[in-house]
Amino acid sequence: MISSLRGMNDILSEDYERFTYFISVATKIAQRYGFHFIETPLLEETALFKRSVGESSDIVGKEMYQFIDKGDNDVCLRPEGTAGVVRAFVQKKLDRAGGVHRFFYHGAMFRYERPQKGRLRQFHQFGVESFGEASAYEDASMIMMASDILNELGIGYRLQLNSLGCSECMPPYKENLVDFVTKHKDEICEDCTRRIATNPIRVLDCKAEKCQDIYKEAPKLLNSLCSSCESDFATLKEILKQNEIDFEIDTNLVRGLDYYSKTAFEFVSDNIGSQSAIAGGGRYDRLVEFLDGRPTPAVGFAMGIERLMELIVMPEVKKEGYYIGAMDDEAQDLVVKIAQKKRKSDIVILEYKTKNLKNHLKAADKANVKYCAVIGSDEIKNGTIWVKNLEDKTENAILRDLF
RNA sequence: GUGAGAUUAGCUCAGCUGGUUAGAGCACUGGUUUGUGGUGCCGGGGGUCGCGGGUUCGAAUCCCGUAUCUCACCCCA
Numbered sequence: 017m018i019s020s021l022r023g024m025n026d027i028l029s030e031d032y033e034r035f036t037y038f039i040s041v042a043t044k045i046a047q048r049y050g051f052h053f054i055e056t057p058l059l060e061e062t063a064l065f066k067r068s069v070g071e072s073s074d075i076v077g078k079e080m081y082q083f084i085d086k087g088d089n090d091v092c093l094r095p096e097g098t099a100g101v102v103r104a105f106v107q108k109k110l111d112r113a114g115g116v117h118r119f120f121y122h123g124a125m126f127r128y129e130r131p132q133k134g135r136l137r138q139f140h141q142f143g144v145e146s147f148g149e150a151s152a153y154e155d156a157s158m159i160m161m162a163s164d165i166l167n168e169l170g171i172g173y174r175l176q177l178n179s180l181g182c183s184e185c186m187p188p189y190k191e192n193l194v195d196f197v198t199k200h201k202d203e204i205c206e207d208c209t210r211r212i213a214t215n216p217i218r219v220l221d222c223k224a225e226k227c228q229d230i231y232k233e234a235p236k237l238l239n240s241l242c243s244s245c246e247s248d249f250a251t252l253k254e255i256l257k258q259n260e261i262d263f264e265i266d267t268n269l270v271r272g273l274d275y276y277s278k279t280a281f282e283f284v285s286d287n288i289g290s291q292s293a294i295a296g297g298g299r300y301d302r303l304v305e306f307l308d309g310r311p312t313p314a315v316g317f318a319m320g321i322e323r324l325m326e327l328i329v330m331p332e333v334k335k336e337g338y339y340i341g342a343m344d345d346e347a348q349d350l351v352v353k354i355a356q357k358k359r360k361s362d363i364v365i366l367e368y369k370t371k372n373l374k375n376h377l378k379a380a381d382k383a384n385v386k387y388c389a390v391i392g393s394d395e396i397k398n399g400t401i402w403v404k405n406l407e408d409k410t411e412n413a414i415l416r417d418l419f
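With this note's numbering, the residue at position 338 of the first sequence is 354, and numbering never jumps.
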């Protein structure tokens, strides 16, 4: 037997119901916020992710499905969605068109990681990206949209918020931090030692207790923001408060992708194990420029669909459609014709075998339909079809022409 | 990539320290005196016990390898 690759799952039956339910809810809400669907390729030039996500990130450094194609191009399966959308935005020259452009997408992403609960090699994200709006109000809208989606799905969460500063205030902060950490380099863990060189900001959310004790004294990003970043962050917090969105400030919240600046946020759940981030995003004002576009402010977020699926509270499925069967061999062909006609407008489960009424009703129950319709010898004689509403138990003989 | 645990019917799982044809519940399927269901009763099908080696008279059970899943690290959505 050939089975699916490690960390790559089929989605069917009940999972598929949850999956499509999520997509429909998220789509509806994104559209309410004025976002439009965008589809981008699963395969992109490797350079796209190196320049956007960043070579220092784990995603690019060790998790990409990368290969040389038959045309000798260095390509990879997308490990995340933002880079492709930004590439499309620049390629379509929307950066030159001016104005605000808002997109949402959903689809498969690929990361070569060790699978565990909530972490697959092929997984699905729903994401939104907004271009051309620098206001912190847009950041707030993003967060409120994510919150709307989670609320509608019945998912509980905590919202963590931070500001990563901009190109003006981040570099000097980073220097201060590196100085601080270097002073303590004999006391910190191996991972953190490595991080000093690769991605110093990441030491802040190191899990090692020993390190955390030391970093309590470390310079705080939020205390080092420039005046513009600081006022934007204050605005954001104020809008969220006014709209009753609860949040916690987490000065150690650092996003793993290099392109983020200013607002960074993460929605986490306590009910799905250690892979607890269910949505994450932030502002990335420099990314369009990195990818050869005109400087364009942008902000977005992505949600991990598989992680969310476990938490979704599904609405009750109501009985729908018809079950149609014959109680007499003579009615068998007739029943097929009737089903075909009915299928122009309704769900029809057609039984090919002749059965007695009791067994037809049993089968109709199993099919979870609203009506059970059968034809036996009486109905053949009278030109009718017997229809029972399985919910309110009413039954009628209806003329076949009117059914 | 590191460490630990698991893998027996479609699903959830029993199967004690190796001993004759491997079990249960649910699901599926057939029947249940004459046309009324979802919750009765009786029956039926379905497993080379993840895969490959080894130890043994004998392995689902012990040993080794391997794959996959789960948990944690790491990383992130």
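Backbone N, C-alpha and C fix where the C-beta goes; we use that ideal spot for every residue, glycine too.
Identified DSSP bridge partners for phenylalanine 119: DSSP lists His52, Glu145 as the beta-bridge partner residues of phenylalanine 119.
Taking just the CA atoms, how far does leucine 169 sit from aspartate 286? Straight across, the Cα-Cα distance linking aspartate 286 with leucine 169 is about 16 Å.
Every unbroken beta strand (DSSP E) inside the region 138-195 [3 residues or more]: Runs of the beta strand (DSSP E) inside the region 138-195: 138-147, 174-179.
Which residues in the same chain have their Cβ closer than 6 Å to the Cβ of serine 163, if we skip the five residues on either side of it in sequence? Excluding residues within five positions, the ones whose Cβ falls inside 6 Å are Ile261.
Go through its chain and collect everything with a Cβ distance to threonine 400's Cβ below 7 Å, but skip five positions before and after it. The residues are Ala413, Ile414, Leu415, Arg416.
Kindly identify the DSSP beta-bridge partner or partners of glycine 298. Note: glycine 298 sits in a beta bridge opposite Ala280, Gly316.
Determine the burial state of isoleucine 84: buried for a count of at least 16 other Cβ atoms within 10 Å of its Cβ, exposed for fewer. Classification of isoleucine 84: exposed, given that the 10 Å Cβ count is below 16.
Is the separation between the beta-carbon of phenylalanine 105 and that of phenylalanine 147 shorter than 8 Å? It is a contact, given that the beta carbons lie within the stated cut-off.
Going by DSSP, name the residue or residues bridged to tyrosine 387. Looking at the DSSP assignment, tyrosine 387 forms a beta bridge with Tyr338, Asn405.
In three-state DSSP terms, what is alanine 234? Reduced to three states, the DSSP call for alanine 234 is coil.
Cβ separation of methionine 80 and proline 95, assumed to be a contact under 8 Å, to the nearest whole Å: Right, their Cβ atoms sit about 5 Å apart.
List the endpoints of the continuous beta strand (DSSP E) containing alanine 347. No beta strand (DSSP E) contains alanine 347, which DSSP labels as neither H nor E.
According to the neighbour-count rule (16 or more other Cβ atoms, all chains shown, within 10 Å of its Cβ), is tyrosine 32 buried or exposed? Taking all protein chains in view, the Cβ of tyrosine 32 is surrounded by fewer than 16 other Cβ atoms within 10 Å, so the residue is classified as exposed.
If you follow the alpha helix (DSSP H) that phenylalanine 306 is part of, which residue opens it and which one closes it? 303-306 is the span of the alpha helix (DSSP H), which, as asked, contains phenylalanine 306.
Run of the alpha helix (DSSP H) containing glutamine 258, from where it starts to where it stops: Following the DSSP letters along the chain, one finds glutamine 258 inside the alpha helix (DSSP H) bounded by residues 243-258.
Considering only the alpha carbon of each residue, which of Ala42, Pro311, Arg112 lies closest to arginine 302? If we check each option's Cα against that of arginine 302, Pro311 comes out closest.
Going by the beta-carbon positions, is the gap between leucine 110 and leucine 59 smaller than 8 Å? No, the Cβ-Cβ distance between leucine 110 and leucine 59 is not below 8 Å.
Taking DSSP as the reference, what is the three-state secondary structure of isoleucine 365? DSSP places isoleucine 365 in strand when its eight states are reduced to three.
Do arginine 127 and arginine 118 have their beta-carbon atoms positioned less than 8 Å apart in this structure? With respect to the 8 Å criterion, arginine 118 and arginine 127 are not classified as neighbours on the basis of their beta carbons.
Exposure label - lysine 404; buried when at least 16 CB within 10 Å: The residue is buried, with at least 16 neighbouring Cβ atoms inside 10 Å.
Whole-angstrom Cβ separation of phenylalanine 65 and alanine 318, contact assumed at under 8 Å? Between phenylalanine 65 and alanine 318 the beta-carbon gap is near 15 Å, outside 8 Å, which marks them as no contact.
Can you pull the DSSP bridge partners for arginine 135? The partner list for arginine 135 (beta bridge, DSSP) reads Gln132.
Opening and closing residue of the alpha helix (DSSP H) in which alanine 104 lies: Start and end: 98-107.
Relative to the C-alpha of arginine 67, which candidate in Ala124, Tyr276, Glu206 has its C-alpha closest? Measuring from the Cα of arginine 67, the nearest candidate turns out to be Tyr276.
Take isoleucine 171 and list the residues in its own chain whose beta-carbon comes closer than 6 Å to its own, dropping the five residues that flank it on each side. Closer than 6 Å at Cβ, skipping near neighbours: Leu327.
Is the number of C-beta pairs between the region 329-340 and the region 358-371 that are closer than 8 Å three or more? Output reads yes: the region 358-371 touches the region 329-340.
Confirm, please, whether the CB-CB distance from leucine 273 to serine 29 is below 8 Å. No; because the gap between Cβ atoms is not below 8 Å, this pair is not in contact.
Rounded to whole angstroms, how far is the Cβ of isoleucine 423 from the Cβ of alanine 355, which I believe are closer than 8 Å? Residue numbering for the chain in the displayed model covers 17 to 419; residue 423 lies beyond these limits and cannot be assessed.
Out of Val333, Arg112, Cys245, point me to the one whose CA is closest to aspartate 308's CA. Answer by Cα proximity: Arg112.
Residues in the same chain with beta-carbon distance under 6 Å from glutamate 411, minus the five sequence neighbours each way, listed in chain order, please. Contacts found: Lys404.
Quick check: the Cα distance between arginine 211 and valine 219, rounded to an integer number of angstroms? About 6 Å.
Relative to the C-alpha of alanine 99, which residue among Glu407, Lys358, Leu166, Val315 is closest? Distance check between alanine 99 and each of Glu407, Lys358, Leu166, Val315 places Val315 closest, using alpha-carbon atoms only.
Our contact map puts phenylalanine 53 next to isoleucine 321 with C-beta atoms below 8 Å; I'd like the distance itself, whole angstroms only. Not really, about 16 Å apart at Cβ, beyond 8 Å.
Could you tell me the boundaries of the beta strand (DSSP E) in which aspartate 90 lies? For aspartate 90, the uninterrupted beta strand (DSSP E) segment begins and ends at 90-93.
Neighbour-count burial assignment, arginine 130, 16 or more Cβ in a 10 Å radius: Classified as exposed, arginine 130 has fewer than 16 neighbouring CB atoms from the shown chains inside 10 Å of its CB.
Thinking C-beta only, is alanine 342 closer than 8 Å to threonine 370? Result yes, Cβ atoms of threonine 370 and alanine 342 sit closer than 8 Å.
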